[in-house]
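Q:
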Amino acid sequence: MGSSSYDRDKVVSSVSNLYKLLTKLPYVDPEALVYPPTVENKNGWTGINETELRKRGKTDRIVDLLRHLPYLRQPKGNNEADNHTAGDHKWMISPGTVTIAYCDGDVYDEKMDQIQPTPDHCIWLTDLAGGDDGTALLLDSHIGTITEYSKLGQNIVISPSDYQELPLEDRWMAHTTIDVVEFFHMWERKYDILDWMAVYHEKGKAGTALWYCDMNTNLYEDSAESDDDSYVPDSEEDYSSSDDNEYEWDSEYESETEYNISDGEDSSEYQGSKGDLQWFKSHAQQEDSSMLREQTSAVFGIHVMSGWPANFDREMCQKQLAEYVDRTENLAR
1 MGSSSYDRDK VVSSVSNLYK LLTKLPYVDP EALVYPPTVE NKNGWTGINE
51 TELRKRGKTD RIVDLLRHLP YLRQPKGNNE ADNHTAGDHK WMISPGTVTI
101 AYCDGDVYDE KMDQIQPTPD HCIWLTDLAG GDDGTALLLD SHIGTITEYS
151 KLGQNIVISP SDYQELPLED RWMAHTTIDV VEFFHMWERK YDILDWMAVY
201 HEKGKAGTAL WYCDMNTNLY EDSAESDDDS YVPDSEEDYS SSDDNEYEWD
251 SEYESETEYN ISDGEDSSEY QGSKGDLQWF KSHAQQEDSS MLREQTSAVF
301 GIHVMSGWPA NFDREMCQKQ LAEYVDRTEN LAR
C-alpha cells in the first residue's frame with residue numbers, strides 16, 4: 001500500500017465514481033443516487049443521525065464526511081408507500097456488502113461495535129450483507145484508507161493463529177487495507193470488466209441482488225491487465241462455453257452445495273454403497289458448478305450484446321436479464 005493521507009474530497013469523489021458507474025449498469029436504480037444539498041446548505045446533509053453517531057463516539061471529522069458523501073437511497077418496496085423504503089431491501093455494492101444511507105438517518109448495524117470494535121476516527125461505510133460471509137468497508141479518517149473487514153477473517157493478511165491472538169479491538173487492522181482512491185478504483189474495475197454482475201431480484205441477497213461473479217480474479221492482483229483501462233469485452237466471444245472459469249451464482253440458493261446431500265443426512269433411500277453415495281455427491285457438485293458457469297457466462301453475454309461498455313443500452317439489458325432469470329427459475333422448478 002502506498003502512502004495515504006485523509007482528504008475528504010478524495011473520499012467523496014471515489015465513492016461518487018463507483019456509485020455513478022453502478023447506476024449505469026442494470027442493477028441499481030439511477031434515481032437511488034443522491035448528493036448532498038451543498039448549494040442550499042454548505043454543511044451538507046441535514047438528515048445525518050448525529051446524536052447516535054456521537055453516542056457511538058464518532059469524531060467531528062467523521063460526522064463532517066458523512067454529511068458530504070453521496071448515497072444510494074434504499075430501494076422502495078412494491079407494497080410500500082412512495083416515500084418509504086422496503087425494510088430489509090438494501091442496495092449492495094459487492095457480493096457481500098450492503099450500503100448505509102446515512103443521509104436518511106441510517107446508522108451502521110450496532111452489532112458491529114461488538115463484533116469488531118473500532119476507533120472513534122473510523123466509520124463503517126457499509127454493513128455486512130447478512131450471514132457470516134459478508135464484508136464491510138471501514139474508513140480510517142486519520143490516514144485515508146479503506147479496510148475490507150470480513151467476519152470470517154477471509155481478508156486477513158496475517159496467519160489465522162496470529163489473528164486469533166490479537167485483542168478483539170485490534171483485529172480490524174489485520175484485514176486488507178488500501179488507500180481509499182486505489183480501493184474504489186479496484187472495485188470500479190470489477191464492474192468495468194464484468195467480473196461482478198448483479199441483477200435486481202427480490203429473492204436475491206439483501207432482497208435486491210442475484211450475483212454472477214468471476215471468482216478466479218484476484219481483486220488485489222497488481223497486473224497489467226487490471227490497470228489497462230482500454231479493456232473492452234469481445235463481442236465475438238462464445239458466451240455459451242462453461243469451461244473457461246469458475247463462477248459463483250448467488251441467488252435464493254445461498255451456495256452451490258445447497259442441494260448436495262450432507263454427510264449427516266439419512267441416505268437409506270440410496271441403495272448403493274458408500275462409494276456410490278460419494279460419487280453421487282461429487283457428480284451433483286460438478287453439475288451444479290457447470291450450471292453456475294453457464295448462467296454467469298450467459299449474463300456476461302447479455303451485458304456485452306447490450307453494448308457494454310461503450311454503447312450500453314441499459315433498458316434492453318435489464319429486460320433481457322429479467323427474462324433470462326425468469327427462464328432459469330422456471331427450469332429449476
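For the sequence shown, position 196 (counting from the first letter as 1) is numbered 196 according to UniProt numbering, and the numbering increases by one without interruption.
Just so you know, even glycine gets a beta-carbon here, dropped at the ideal spot from N, CA and C.
1. Helix, strand or coil for residue 157? Go by DSSP, reduced to three states.
2. With DSSP as the reference, please indicate the residues paired to residue 103 in a beta bridge.
3. Which of helix, strand or coil does DSSP assign to residue 89?
4. Grouping DSSP H, G and I as helix and E and B as strand, with all else coil, what is residue 290?
5. Anyone know if the C-beta pair for residue 138 and residue 118 falls short of 8 Å?
6. Mark residue 39 as exposed unless 16 or more other C-beta atoms lie within 10 angstroms of its C-beta, in which case mark it buried.
7. Judging by CA-CA distance, which residue of 13, 311, 200 is the nearest neighbour of residue 144?
8. Could you check what DSSP says for residue 143 in three-state terms: helix, strand or coil?
9. Taking just the CA atoms, how far does residue 200 sit from residue 27?
10. What's the call for residue 116, buried or exposed, on a 16-neighbour Cβ count within 10 Å?
11. Is it buried or exposed, residue 332, if we count other Cβ atoms within 10 angstroms and call 16 or more buried?
12. Residues in its own chain within less than 8 Å of residue 313 by CB, not counting five upstream and five downstream?
13. Which residue wins for smallest C-alpha separation from residue 37, given the options 30, 47, 303, 147?
14. Report yes if the CB atom of residue 130 is closer than 8 Å to the CB atom of residue 198, and no otherwise.
15. Can you tell me whether DSSP reads residue 185 as helix, strand or coil?
16. Leaving aside the five residues before and after residue 7 along the sequence, list all residues of the same chain whose C-beta is less than 8 Å from its C-beta, in chain order.
17. Helix, strand or coil: which one does DSSP assign to residue 71?
18. Quick one, are the C-beta atoms of residue 33 and residue 187 less than 8 Å apart?
19. In the DSSP assignment, the beta strand (DSSP E) including residue 205 goes from what residue to what residue?
20. For the putative contact between residue 210 and residue 325, defined by C-beta atoms under 8 Å, what is the C-beta separation to the nearest angstrom?
A: Reading it off the structure:
1. coil
2. In DSSP, residue 103 forms no bridge with anything.
3. coil
4. helix
5. yes
6. exposed
7. 13
8. coil
9. 5 Å
10. buried
11. exposed
12. 306, 307
13. 47
14. no
15. helix
16. 144
17. strand
18. no
19. 196-205
20. 7 Å
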